[in-house]
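Here's the structure we're looking at; comments come further down.
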Amino acid sequence: MNTTLSLLAIALYAGATVLLWQEIRQGHARYKLALTLGVAAMFCHGTASYVGMFTTQGMNISLTEMSTLISWFVVVITLISGMLRPLLNILLMIFPFTAAILGITLLTDSPAKLIQHPGGVMLHIALSVLSYSVLTMAALQAIVLAVQEYRLKHHQLNGILKALPPLVTMEAMLFELVLIGFILLTLSIGTGLFYVDDIFAQHLAHKSAFSIMAWACFGILLIGRHQLGWRSRTAIQWTLAAFALLLLGYVGSKFVLEVLLNRI
């Protein structure tokens, strides 16, 4: 990953965060300028990710590169949505989150993991990245919804929380993200079973098992919403539990193998 571009992206994300904070706290019209900085950061971030991932020896799918790519997709999806409808508060959370991910990846020594595989495996990787990106957004949305609900019940709404959409809208956005993420995760698991050789081999077993458990949890949540009318608190708990399984399966297993055990 290109260090200069990554540091520039971090600085731009930080600047966009400050502008969004000023709009919420002081009422200054900074949203469009913040979006501009966010788009600039996104391009620096994406270029850094591309340079680090695509090499002459093959595609690097190490933990740091994949984390950078997933966080980039989170920003892309959020910025596109932010141009269609105001997402000031979501962006205020996404920008520093992404800057933190970039900072951590710069400081983490993860060995390169190069692959040269046919299109089927690449399709599986692309679907996995997209599903993790959307479900990361769903988890962040669930956290914000939990804080908003708690503060509302205790009459402590202020600052950023006062500017959030109503609980019903926030809840609807959460289920939209979960549904999209679930569909993408289903396709990811399906292509993995079809294209990846021995997907339950020792080095892939934990990732596969946790991914399937997370998929089942997200599926139960969607069924519970449709059949039983599950709402905010139950939705938050199931979303975060399912995402924790997904995180353990992917980030946890790759961290142990690549960073702690230094295995490629």
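Going by the numbering used here, the first residue of the sequence shown is number 646, and it counts up by one from there.
Here a beta-carbon is modelled for each residue, glycine too, at the ideal position from N, C-alpha and C.
Checking the sheet assignment: what are the DSSP bridge partners for residue i?
i, result
"F699", "M704"
Does residue i come out as helix, strand or coil in the three-state DSSP assignment?
i, result
"I909", "For I909, the predicted structure reports a pLDDT of 48, less than 50, and the residue's modelled location is therefore unreliable. A value from the coordinates is still provided. Coil, per DSSP."
"L759", "strand"
"T753", "coil"
"R870", "helix"
"N734", "helix"
"P810", "coil"
"W883", "helix"
"Q793", "helix"
"H800", "coil"
"R670", "helix"
"W875", "coil"
Between the alpha carbons of residue i and residue j, how many angstroms are there, rounded?
i, j, result
"V721", "A791", "24 Å"
"T750", "L665", "25 Å"
"I868", "A889", "20 Å"
"Q702", "A859", "33 Å"
"S694", "L832", "24 Å"
"V789", "L650", "30 Å"
"A744", "T713", "10 Å"
"M815", "Q671", "24 Å"
"F827", "F863", "6 Å"
"R870", "G697", "41 Å"
"Q872", "G683", "39 Å"
"S726", "M818", "11 Å"
"F839", "G765", "8 Å"
"I881", "A654", "31 Å"
"K677", "A784", "26 Å"
"I865", "L822", "15 Å"
"G660", "W717", "17 Å"
"A771", "H799", "43 Å"
"T681", "V663", "13 Å"
"P741", "A861", "30 Å"
"R876", "L797", "16 Å"
"R675", "Q667", "7 Å"
"L652", "G748", "8 Å"
Apart from the five residues on each side of it in sequence, which residues of its chain come closer than 6 Å, Cβ to Cβ, to residue i?
i, result
"F699", "none"
"L809", "N734 and Q793"
"S960", "The first residue shown for the chain is 646 and the last is 909, placing residue 960 beyond what the model contains."
"E710", "G697 and M698"
"T753", "T709"
"Y795", "none"
What residues in its chain sit with their C-beta under 7 Å from that of residue i, if we drop five residues either side in the sequence?
i, result
"I825", "V779"
"L885", "A784 and A787"
"S773", "S833"
By Cβ distance below 8 Å, which residues in the same chain neighbour residue i in space, the five residues on each side in sequence not counted?
i, result
"A912", "This structure does not reach residue 912, given that the chain is present from 646 up to 909, and the question cannot be answered."
"L768", "T836 and Y840"
Cβ contact check for the segment 888-895 and the segment 849-859: 3 or more pairs under 8 Å: yes
Tell me whether the segment 697-713 and the segment 681-689 touch, counting them as touching only if at least three CB pairs, one residue from each stretch, are closer than 8 Å. no
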